[in-house]
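In my numbering, the protein residues as written are 29 to 241.
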């Protein structure tokens, strides 16, 4: 039931922004992705105060105290009307997801992010900026299950028919906060979180600049 088991949050600017940021598995489904979605979209996750250039965003959040995983809908099966409207009206989209190191074929404690999606230029910029910021950023080309290359993936349903996707491992997301309950997380972001946000926002700006040049 909406507002009991789950909720949707979104922001649609006027005029529309070139990029939309998505967290299809926020809240208790893939922890940390809601907070990242807000910050990358240009809003402090704890206060909603603008922190720079704003982008449209949409998130689906699990609100249950347990068993939020049953609310998980794959990105290729996401048919939320608001999400589709936002993405189809954007030139670029970035999907934020969480995964385990095991699913990514990495050591158990790996603090890594897989960078995928059908927008090659966007992927390259994300990889470069995240690596420069000191993150273990891995091209998802060799990880088809986590690569976000499906044409029906919500991040690839933009006006250009391509987007980007980030899969952050559990240890990386854990390292971004000093408290980990759903109520406390948005107020406990640390330097790792903000370094990641700045790197991604810089990549978004670079992608938009290239498209507008």
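C-beta atoms are modelled at their ideal positions from N, C-alpha and C, and glycine is treated no differently.
Beyond the five residues adjoining it in sequence on each side, residue 80 comes within less than 6 Å, by CB distance, of 70 in the same chain, given in chain order. Sequence-distant partners of residue 59 (beyond 5 residues in either direction) whose C-beta falls short of 8 Å from its own C-beta, in its chain, are 126, 201, 208, 210, 213. Annotation for residue 199: 129, 137, 138, 139 place their beta carbon closer than 7 Å to its own, counting only its chain and skipping 5 residues before and after. Cβ contact annotation for residue 153 (same chain, cutoff 7 Å, sequence separation greater than five): 231, 234, 235, in chain order. Uninterrupted alpha helix (DSSP H) stretches at least 4 residues long and entirely within the segment 102-149 occur at 109-116, given in chain order.
Counting the other CB atoms within 10 Å of its CB gives residue 93 a total below 16, which places it among the exposed residues. Contact annotation: residue 188 and residue 119 have beta-carbon atoms nearer than 7 Å. Within the DSSP bridge table, the entry for residue 47 names 120 as partners.
For residue 75, the number of other beta carbons within 10 angstroms of its own is below 16, and it is reported as exposed. Unbroken alpha helix (DSSP H) stretches of 4 residues or longer found wholly inside the segment 151-229: 198-202, 210-213, given in chain order.
Assignment of residue 31 by DSSP, reduced to helix, strand and coil, places it in the coil class.
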